[in-house]
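A.B. asks: Everything in the first sequence is counted per our numbering, starting at 190 for the first residue and increasing by one. We put the beta carbon where it would ideally sit given N, CA and C, even for glycine. Since this is a predicted model, take the numbers as computed values, not measurements.
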Amino acid sequence: MSELIIYNTLGRKLEPFKSLVPQKVGMYVCGPTVYGPPHLGHVRGPIVFDVLRRYLSFKDYQVRFVRNITDVGHLVGDADEGEDKLQKQAKLEQLEPMEVAQSYTDQYNWAMDQLNVQRPSIEPKASGHIIEQIEMIQSIIDKGYAYEVNGSVYFDVSAYSKKHNYGELSGRNTEDLIAGAGNESRSLEGQEEKKSPNDFALWKQATPEHIMQWTSPWGKGYPGWHIECSAMSAKYLGESFDIHGGGMDLLFPHHECEIAQSISAHNNEPARYWVHHNMITINGQKMAKSLNNGIKVTELFEGQHPLLSRGFGPKTLRFFVLQAHYRGTLDFSEEALLASEKGMKRLESAIGLIKNLKTSDSATIKVDDIKSAIFDALNDDLNTPIVIAHLFELARRIQIVNDGKETISIEMRDDLDQLMHQVYYNILGMPKINDDSSQNNLNEVMNLVTDIRSSAKIEKNYELSDMIRDRLKAAGITLMDSKEGTTWKID
RNA sequence: GGUCGGAUGGCCGAGCGGCUAGGCAGAGGUCUGCAAAACCUUUUACACCGGUUCGAAUCCGGUUCCGACCUCCA
Numbered sequence: 190m191s192e193l194i195i196y197n198t199l200g201r202k203l204e205p206f207k208s209l210v211p212q213k214v215g216m217y218v219c220g221p222t223v224y225g226p227p228h229l230g231h232v233r234g235p236i237v238f239d240v241l242r243r244y245l246s247f248k249d250y251q252v253r254f255v256r257n258i259t260d261v262g263h264l265v266g267d268a269d270e271g272e273d274k275l276q277k278q279a280k281l282e283q284l285e286p287m288e289v290a291q292s293y294t295d296q297y298n299w300a301m302d303q304l305n306v307q308r309p310s311i312e313p314k315a316s317g318h319i320i321e322q323i324e325m326i327q328s329i330i331d332k333g334y335a336y337e338v339n340g341s342v343y344f345d346v347s348a349y350s351k352k353h354n355y356g357e358l359s360g361r362n363t364e365d366l367i368a369g370a371g372n373e374s375r376s377l378e379g380q381e382e383k384k385s386p387n388d389f390a391l392w393k394q395a396t397p398e399h400i401m402q403w404t405s406p407w408g409k410g411y412p413g414w415h416i417e418c419s420a421m422s423a424k425y426l427g428e429s430f431d432i433h434g435g436g437m438d439l440l441f442p443h444h445e446c447e448i449a450q451s452i453s454a455h456n457n458e459p460a461r462y463w464v465h466h467n468m469i470t471i472n473g474q475k476m477a478k479s480l481n482n483g484i485k486v487t488e489l490f491e492g493q494h495p496l497l498s499r500g501f502g503p504k505t506l507r508f509f510v511l512q513a514h515y516r517g518t519l520d521f522s523e524e525a526l527l528a529s530e531k532g533m534k535r536l537e538s539a540i541g542l543i544k545n546l547k548t549s550d551s552a553t554i555k556v557d558d559i560k561s562a563i564f565d566a567l568n569d570d571l572n573t574p575i576v577i578a579h580l581f582e583l584a585r586r587i588q589i590v591n592d593g594k595e596t597i598s599i600e601m602r603d604d605l606d607q608l609m610h611q612v613y614y615n616i617l618g619m620p621k622i623n624d625d626s627s628q629n630n631l632n633e634v635m636n637l638v639t640d641i642r643s644s645a646k647i648e649k650n651y652e653l654s655d656m657i658r659d660r661l662k663a664a665g666i667t668l669m670d671s672k673e674g675t676t677w678k679i680d
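1) Let me know the alpha helix (DSSP H) ranges lying completely inside the segment 405 to 442, each 4 residues or longer, listed in chain order.
2) Closest to F564 by C-alpha separation, out of L580, K555, D550, would be which residue?
3) Nearest-angstrom Cα distance between F509 and L526?
4) If you follow the beta strand (DSSP E) that R660 is in, where does it begin and where does it stop?
5) Only counting the same chain, and skipping five residues up and downstream in sequence, which positions put a Cβ closer than 6 Å to that of E530?
6) On the CB-based measure, 16 or more other CB atoms within 10 Å of its CB, does Y651 come out buried or exposed?
7) Which residue wins for smallest C-alpha separation from L304, given the options A528, S429, E458, L511?
8) So who's on the other strand from P620, going by DSSP bridges?
9) Is F521 helix, strand or coil when you go by DSSP?
10) Where does the unbroken beta strand (DSSP E) through V252 begin, and where does it stop?
11) Which one or two residues does DSSP pair with P205 in a beta bridge?
12) If you follow the beta strand (DSSP E) that T470 is part of, which residue opens it and which one closes it?
13) On the three-state DSSP scale, how would you describe F344?
14) Cβ of T198 within 7 Å of Cβ of H514?
15) Can you tell me whether D431 is buried or exposed, with buried defined as 16 or more other CB within 10 angstroms of its CB?
16) If you draw a straight line from the alpha carbon of K384 to that of D345, how long is it in whole angstroms?
17) How long is the line joining the alpha carbons of Y613 and S191, rounded to whole angstroms?
18) Is the segment 321 to 328 touching the segment 399 to 414, taking contact as three or more C-beta pairs under 8 Å?
19) Distance, Cα to Cα, N362 vs L536?
20) Alpha carbon to alpha carbon, what distance is there between I236 and E285?
21) Taking all protein chains shown into account, decide if L637 is buried (16 or more other Cβ within 10 angstroms of its Cβ) or exposed.
22) How is the alpha helix (DSSP H) around Q607 delimited, first residue to last?
23) Jot down the residue ranges of each uninterrupted alpha helix (DSSP H) in the segment 282 to 346, minimum 4 residues, whole runs only, in chain order.
24) From what residue to what residue does the beta strand (DSSP E) around F389 run?
25) Are S359 and F238 touching if we call contact CB-CB under 7 Å?
26) Out of curiosity, what's the CA-to-CA distance linking R201 and K475?
27) Can you name, in chain order, every residue of its own chain whose Cβ lies under 8 Å from the Cβ of Q307, other than the five neighbours on each side?
28) What whole-angstrom Cβ distance do G333 and W407 have, given they're in contact under 8 Å?
29) Give the single residue among S451, M301, F247 whose Cα lies nearest to the Cα of R256.
30) CB-CB under 7 Å to I469, same chain, minus the five flanking residues each way: which ones, in chain order?
31) Closest to E600 by CA distance: which of Q611, D557, P459 is it?
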């Protein structure tokens, strides 16, 4: 098997993957800010990095996968008074901030479980690592790359730029940034405190209304945007580790700032490989809470959305995401989802045929050519759409054998079975449970039953209609009659 | 205004110098009492204008559209 080639945003080119420590990989992925329910935009990164993680594990690497939970310190983007996001929601909902964070964390993890995304090896919370963040900020101050003003601490980009390259990841330079700063894309509190508009906050002084605040050498406050990832990745993966993943929208400023912070504090490039996935778009625009065009994961599963005529299972969603390369945008629509679902079902029905395929002494079909093609595609910057295309070719061959037009040997059939399971379930991580069709089947059956019962009622055959209702009740399903028709629910 | 990335058939989406991507939809067929499902076969592309080349969706230049980001929203 040849080696994995991965696109490194740092350097903007494809590079062979080599781990720092033989057969071990440290991987950090920026996790969610838990201030809202998970939507489609949250789903792609976890799936993509889950496949990368699974593939590295498949290649016998021992992977430590760290994904944080951001539960403090971030400000609301759209015009407001700079309240902490979590605090704002908490006021709205009359709950403790941590209660809100916990609830959304649970929802997020539930969605990840549904999508068969493996839980991280470590899932650190920003709120649980304030001390580490303070220590790192102090270290940056000590090195001369940060300064304190009125209880807040800012990173000194120009001081840093004298020795290092601020912009090495995003390809920006400080002059451009200052030129662009005049566009008034946003007005931020505390701008006038900074030496330069390029400087970013490491620690913010808290106003008395802030519920979430911690004691620091600079007074009461809360950590800035970017420091948590730097502090936590260093704590659990070391000052230098293998892979840092995230969405392309995080490239600047978040990841650029992480690099600057880590180099300042540790004198080390934090990550060897920076891997960025592209966004899911809807009508050509990225899906984000701030744009208010998000489809919640639960809305997708249940079909409760104006763009959806019915629900789609997590399995379909995962397949849909993997049918596009992670670095390209993926445009969402029900039509596209429908296409993925049908293809996926066809593929799975072929997989289901393998075990019962009739075998012969000699085989007239091949498997090895596809097998190597699949791993070539995986090694080629995780080209999952190509992998899936090859899987469809395999499905076609399975059907041909099943139709008796070609033959397969026992060994080859076992090989095929193993290959399909390795690739489809273990590496692509497709959920094994048949969530989609079982739910759809139930819907169909229930529609049939309620139709029959409606006819019975029209014919005043209440004996039959009541019998149906009673039997369903006994089976745990309640029917509810109304003027509009009959609805049902599972008790 | 700056930085970066896109424009592929009805839809989603690979390819990145010559070779059918793939899926869905459409068409034809096999099967079937009729359907459905399943399976087989198959039509339709490379934003525009120049250039390089024996040969370009793929390389170069220009044009037009679209998107992301631009520091205290991951």
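C.D. replies: In short, the structure shows the following:
1) 416 to 426
2) L580
3) 6 Å
4) R660 -> not in any beta strand (DSSP E); alpha helix (DSSP H) instead, spanning 651 to 663.
5) T505
6) exposed
7) L511
8) Its beta-bridge partners do not exist; DSSP assigns none.
9) strand
10) 251 to 256
11) I194
12) 469 to 471
13) strand
14) no
15) buried
16) 8 Å
17) 20 Å
18) yes
19) 48 Å
20) 31 Å
21) exposed
22) 599 to 609
23) 286 to 303, 319 to 331
24) 389 to 394
25) no
26) 22 Å
27) D239, R242, R243, F254, G618
28) So it is not a contact: roughly 16 Å between Cβ atoms.
29) M301
30) L229, G230, R233, M476, L519, F521
31) D557
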